[in-house]
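Heads up: the sequence shown begins at 1 in UniProt numbering, then just goes up one per residue.
All remarks here apply to the structure that follows.
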Amino acid sequence: QVIKCKAAVAWAAGEPLKIEEVEVAPPQAMEVRIKIHYTALCHTDLYFWEAKGQTPLFPRILGHEAAGVVESVGEGVTDLKEGDTVLPVFTGECGECRHCKSEESNVCDLLRINTDRGVMISDGKSRFSINGKPIYHFVGTSTFSEYTVTHVGSLAKINPEAPLDKVCILSCGVSTGMGATLNVAKPKKGSSVAIFGLGGVGLAAAEGARMAGASRIIGIDLNSDRFEKAKLFGVTEFINPLDYKKPIQEVIAEKTDGGVDYSIECTGNVKAMIQAFESCHDGWGVAVLVGVPHSDAVFATSPVNFLNERTLKGTFFGNYKPRTDLPGLVELYMDKKLQLERFITHEVSFADINKAFDYMIKGESLRCVTNVIGN
Ligand code: NAD
Ligand code: ZN
């Protein structure tokens, strides 16, 4: 049975989303239709809406940071049933492939992030339409809609008691940042960590550094308004590159006797990625890239920086396996060991979803949660 519901449709690059009545087809084999309760905005949505450094694909329903409840399941789905509480994730976990079976990896062969696809994997078609005209999906989630269809492997089943207006931000930004530090950089107690970009993802990375017992957490951002808020997340020192004439790598080297032990890049700017790497101490420094770069960006650094024993890494979703690991992160929040409220700076109604974009563009928000269920 087709469902008619409201969705925020991006018709063209950079144009405000329009709330439209869309038709959502029933889930096919191994698919699930879910009712979205809350969805937040992540910078990755903004990049694909602006489509400046990314492939334009319109009309499209964006959105990937969300929480909802299963409405119906397609053929072959046994892990989930109507009424289950779920977090959709842009990078799924089929559970069967070499990546899912590897302890190292979360980039599933079948369900890893694909930003250019726009259709379902099984039949290459969209489940969304308006008057018969298909509307593209986004990263297998498309959560800016009252109902959406995803592959079953892109849904983590979580504690039904969890408040969805809070845990929705674990569906991307907070898990990504925390995991980048805890699972990928793995800082030792007492170490120094530099965080490039103090948005939602960067401050979650700072939170990870604090949990790991880092003694110095240096925040770097072009927006000095971020610094006050960042103190709440354990950031101990701040650097605004605009305040210096010399390269920020040199500034950091001077402040840290040769460089930081770890650096985490959460900006999406390739210059900041290079700076993050070159800010690491030789001999042991590890840099982790998290930001999504322009599609034509090239990372250039002297190979000598590697010969001098620095390590460069990167991650999607903080190396968490979504179905395996997300339920545990939700429990961390339920046990009050992880505070999500501090990340949520704004809340808007579904009709006002474009305001979430404005707040992020102006650098005012960390996470803006949209209430889809209350409209
Ligand atoms: P955000 O807009 O909230 O924060 C980005 C911050 O970076 C801003 O405060 C901005 O001022 C700062 N910044 C931008 N350019 C900079 C530069 N050159 N030097 C220093 N600071 C700079 O965005 P967000 O939602 O926190 O996302 C951060 C990045 O992480 C984005 O690129 C996003 O696409 C990416 N992301 C990646 C993953 C992943 O799995 N790898 C997941 C989620 C988000
Ligand atoms: Zn995201």
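Note that CB positions come from ideal geometry on N, CA and C, so glycine has one too.
Which of helix, strand or coil does DSSP assign to residue 129? strand
Residue 299, buried or exposed, once every other Cβ within 10 Å from all chains shown has been counted against 16: exposed
Do the CB positions of residue 318 and residue 118 come within less than 8 angstroms of each other? no
Closer than 5 angstroms from C-beta to any heavy atom of ligand 2: which residues, in chain order? 42, 44, 172
Identify the continuous beta strand (DSSP E) that holds residue 99 and give its terminal residues. Careful: residue 99 lies outside any beta strand (DSSP E), inside the alpha helix (DSSP H) at 98 to 101.
Should the segment 167 to 177 be regarded as contacting the segment 59 to 75, the criterion being three or more beta carbon pairs within less than 8 angstroms? yes
Here's a check: name, in chain order, each residue in its chain whose Cβ is nearer than 8 angstroms to the Cβ of residue 270, leaving out the five neighbours to either side. 293, 294, 297, 298, 299
Between 105, 38, 52, 10, which has its C-alpha nearest residue 325's C-alpha? 105
Could you say if the segment 175 to 194 and the segment 212 to 232 meet the contact criterion of at least three C-beta pairs nearer than 8 angstroms? yes
Whole-number beta carbon distance between residue 53 and residue 70, since they are thought to touch under 8 angstroms: Rounded, the Cβ-Cβ distance is 35 angstroms, inconsistent with contact.
Within this structure, are the beta carbons of residue 21 and residue 35 separated by less than 8 angstroms? no
Could you tell me whether any non-hydrogen atom of ligand 1 is closer than 7 angstroms to the CB of residue 308? no
Just to confirm, does residue 196 get its C-beta within under 7 angstroms of one of the non-hydrogen atoms of ligand 3? With respect to ligand 3, the structure shown offers nothing to examine, as its ligands consist of ligand 1 and ligand 2.
Taking residue 336 as part of the beta strand (DSSP E), name the residues at either end of that continuous run. Careful: residue 336 lies outside any beta strand (DSSP E) and carries neither H nor E.
Can you have a look at residue 11 and say buried or exposed, based on whether 16 or more other CB atoms are within 10 angstroms of its CB? exposed
I need the boundaries of the alpha helix (DSSP H) containing residue 356, first residue and last residue. 353 to 361
Is residue 85 buried or exposed, if buried means 16 or more other CB atoms sit within 10 Å of its CB? buried
Enumerate, from N- to C-terminal direction, the unbroken beta strand (DSSP E) stretches of 3 or more residues contained entirely within the segment 26 to 61. 31 to 40
Contact between the segment 144 to 156 and the segment 242 to 250: three or more CB pairs below 8 angstroms? no
Just verifying my parser: in three-state terms, what is the DSSP assignment at residue 166? helix
State buried or exposed for residue 277, treating a residue as buried only when at least 16 other CB atoms are found within 10 Å of its CB. buried
Tell me, which residues are paired with residue 346 by DSSP? 368
Let's test the definition: count the other Cβ atoms within 10 Å of the Cβ of residue 460 and tell me whether it reaches 16, buried, or not, exposed. With the chain covering 1 to 375 only, the question about residue 460 has no answer from this structure.
Selection from 362, 349, 361, 363 that minimises the alpha carbon distance to residue 7: 349
Can you tell me which residues form a DSSP beta bridge with residue 312? 287
Using three-state DSSP, classify residue 66 as helix, strand or coil. strand
Inter-residue spacing [alpha-carbon to alpha-carbon] between residue 222 and residue 168: 28 angstroms
Going by C-alpha to C-alpha distance, which of 209, 49, 101 sits closest to residue 137? 49
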